[in-house]
Amino acid sequence: MKKSILAIALLGITSLGFSQRGEIRDAEDAIEDKNFELALTELNKAKPQLEDEKDKWLIRYHLAKAKTHGNMASSQSGDEMMKNINTSLESIDEVLELESDNEEALNYQAQLRQNMVQTAIDGQNEGDFNTAQDLLYKTYQMNNNDTVMLYYAASAAVNGKIYDKALDYYGELLDLGFDGSTTQYVAKNKETGEVEIFESKNMRDIAVKTDEFVEPSVQRTPRLTGEIAKNVSLIYIQQDKPEEALVAIKRAKEENPDDISVMQAEADLYYRIGKIDKYNEVMKEVVLKDPENPSLYYNLGVASEQLGDKDSAKDYYKKAIELDPEMVNAYINLAALTLSEERTIVEEMNKLGNSRADNKKYQELNEKKKQYYIEALPYLEKANELDPDNMDAMQTRLNIYYQLGKDEQAKELQEKINSMRE
Numbered sequence: 009m010k011k012s013i014l015a016i017a018l019l020g021i022t023s024l025g026f027s028q029r030g031e032i033r034d035a036e037d038a039i040e041d042k043n044f045e046l047a048l049t050e051l052n053k054a055k056p057q058l059e060d061e062k063d064k065w066l067i068r069y070h071l072a073k074a075k076t077h078g079n080m081a082s083s084q085s086g087d088e089m090m091k092n093i094n095t096s097l098e099s100i101d102e103v104l105e106l107e108s109d110n111e112e113a114l115n116y117q118a119q120l121r122q123n124m125v126q127t128a129i130d131g132q133n134e135g136d137f138n139t140a141q142d143l144l145y146k147t148y149q150m151n152n153n154d155t156v157m158l159y160y161a162a163s164a165a166v167n168g169k170i171y172d173k174a175l176d177y178y179g180e181l182l183d184l185g186f187d188g189s190t191t192q193y194v195a196k197n198k199e200t201g202e203v204e205i206f207e208s209k210n211m212r213d214i215a216v217k218t219d220e221f222v223e224p225s226v227q228r229t230p231r232l233t234g235e236i237a238k239n240v241s242l243i244y245i246q247q248d249k250p251e252e253a254l255v256a257i258k259r260a261k262e263e264n265p266d267d268i269s270v271m272q273a274e275a276d277l278y279y280r281i282g283k284i285d286k287y288n289e290v291m292k293e294v295v296l297k298d299p300e301n302p303s304l305y306y307n308l309g310v311a312s313e314q315l316g317d318k319d320s321a322k323d324y325y326k327k328a329i330e331l332d333p334e335m336v337n338a339y340i341n342l343a344a345l346t347l348s349e350e351r352t353i354v355e356e357m358n359k360l361g362n363s364r365a366d367n368k369k370y371q372e373l374n375e376k377k378k379q380y381y382i383e384a385l386p387y388l389e390k391a392n393e394l395d396p397d398n399m400d401a402m403q404t405r406l407n408i409y410y411q412l413g414k415d416e417q418a419k420e421l422q423e424k425i426n427s428m429r430e
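Here it is as structure tokens:
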């Protein structure tokens, strides 16, 4: 009697085992048919009996679960998508704990990661920065060596104004010593003369051997430390925390004392918090390190104007134009700076009386005023030559033409302005 009861009990256990294996197979078939709801149902049926199952079937169960939730995530968004992605990743981890070199699990993990990155890109393009930063950070967690994903997550958080997350990500990047610089393998295309970037050294070398490319070399992309420091400081400024912003810049400078981008970020910070004298001081240091950069001289010109140093401002604008003859704003600022002298003269003229001495002084001041018009006019004409649609420059030119008695030029310019306003 006891023997019969034992046999029945064993039969029952075996039947349960075959049942859950059938459910796992059914789930795998449902995945093939893209019926993920059915797959999930079958997996839920199999789950209660998994404890006594062999590794082979545990692996198949977790693989099916990973694919089910991963595919369900692809048609979802927000919290539901992230929940299914997390479940899928956890299931892959379960497989790899049982069999670390399981090819199917590793391949699906790579596929899922690729899908996550693409979904993040699509999310950013559609303005969904919260989902993008979540996905990119999760992608980074899958491979902590891929720190560029952490950088992208921070950038998405900044774009979405999710500042607390952005600060966390940037802080982690700085703790890791991330600078974002990468090695690029390049060569010049003989036909076009353009320098092209290759995916690897091997691919570049193959291209050179075809004799279609020459001058192979290696180059480094710019470091991103300065941009990170700048973004961190801007976030703190946005949060009305200028002291924390200065600390962030100071830390970046300590780690990268010769990094021009960090120095530029420091200067930008001083400018934003109204410390123009400090801005000017740092920018002069930046110019010493990059003396052929016209934008730096232009920015120094703007700062010098704000500090009331008009002579230095003019010198900086002229230097910017010397390095970049097509810098429209430098011409416009030079004209505006020159014409700013007019106000003082007009005020002095208005104070004069009607005596012979006053009339003589009036004529002298009027001639001096005209000289400023004459000096400013070529800058405005050059600005319009480079930017024909710049209405402000045209309107100021028109006023100067009238003041200088250049009636023909004034008439011609007035007609052009009228035609543009029609």
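Quick note: the sequence shown uses my numbering, first residue 9, plus one each step.
Beta carbons are placed, not taken as given, at the ideal position from N, Cα and C, and that holds for glycine.
All of these numbers come straight from a predicted model, not from anything done at the bench.
Going by C-alpha positions, Val125 is about 42 Å away from Ala328. If you draw a 10 Å sphere on the C-beta of Ser99, you find 16 or more other C-beta atoms in it, and that means buried. Closest by C-alpha distance to Met399, out of Glu372, Gln379, Ser427, is Ser427. Just so you know, the alpha carbons of Arg429 and Pro386 end up roughly 24 Å apart. Considering only Thr352, Tyr370, Lys390, the residue with the shortest C-alpha distance to Leu360 is Tyr370.
Restricting attention to Glu102, Val156, Thr190, Gly201, the CA atom closest to the CA of Ser208 is found in Thr190. Contact between Glu274 and Lys292 is absent: CB atoms are separated by about 12 Å, not below the 8 Å threshold. Separation of the CB atoms of Ile353 and Lys377 is rounded to 5 Å, and the pair is thereby assigned contact status at 8 Å. Per DSSP, reduced to three states, the secondary structure at Glu334 is coil, with no helix or strand assignment. Annotation for Ala161: Gln141, Leu144, Tyr145, Tyr148, Tyr177 place their beta carbon closer than 7 Å to its own, counting only its chain and skipping 5 residues before and after. Look at Glu107 here: in three-state DSSP terms it is coil, with no helix or strand label.
Where Lys196 is concerned, the enclosing beta strand (DSSP E) starts and stops at 191–197. Taking Lys173 as the centre and dropping the five residues before and after it, the same chain places the C-beta of Gln141, Ala165 closer than 7 Å to its C-beta, in chain order.
Its chain contains Ser241, Tyr244, Ile245, Leu277 as the residues whose beta carbon lies nearer than 6 Å to that of Ala253, once the 5 sequence neighbours on both sides are disregarded; these appear in chain order. Sequence-distant Cβ neighbours of Leu304 in its own chain, meaning closer than 7 Å and more than five residues away, are Met291, Val294, Val295, Asp298. By the Cβ rule, the stretch 87–95 does not count as touching the stretch 104–118, because fewer than three pairs are nearer than 8 Å. Per DSSP, reduced to three states, the secondary structure at Ile205 is strand. Per the DSSP secondary-structure output, Phe221 pairs in a beta bridge with Asn197.
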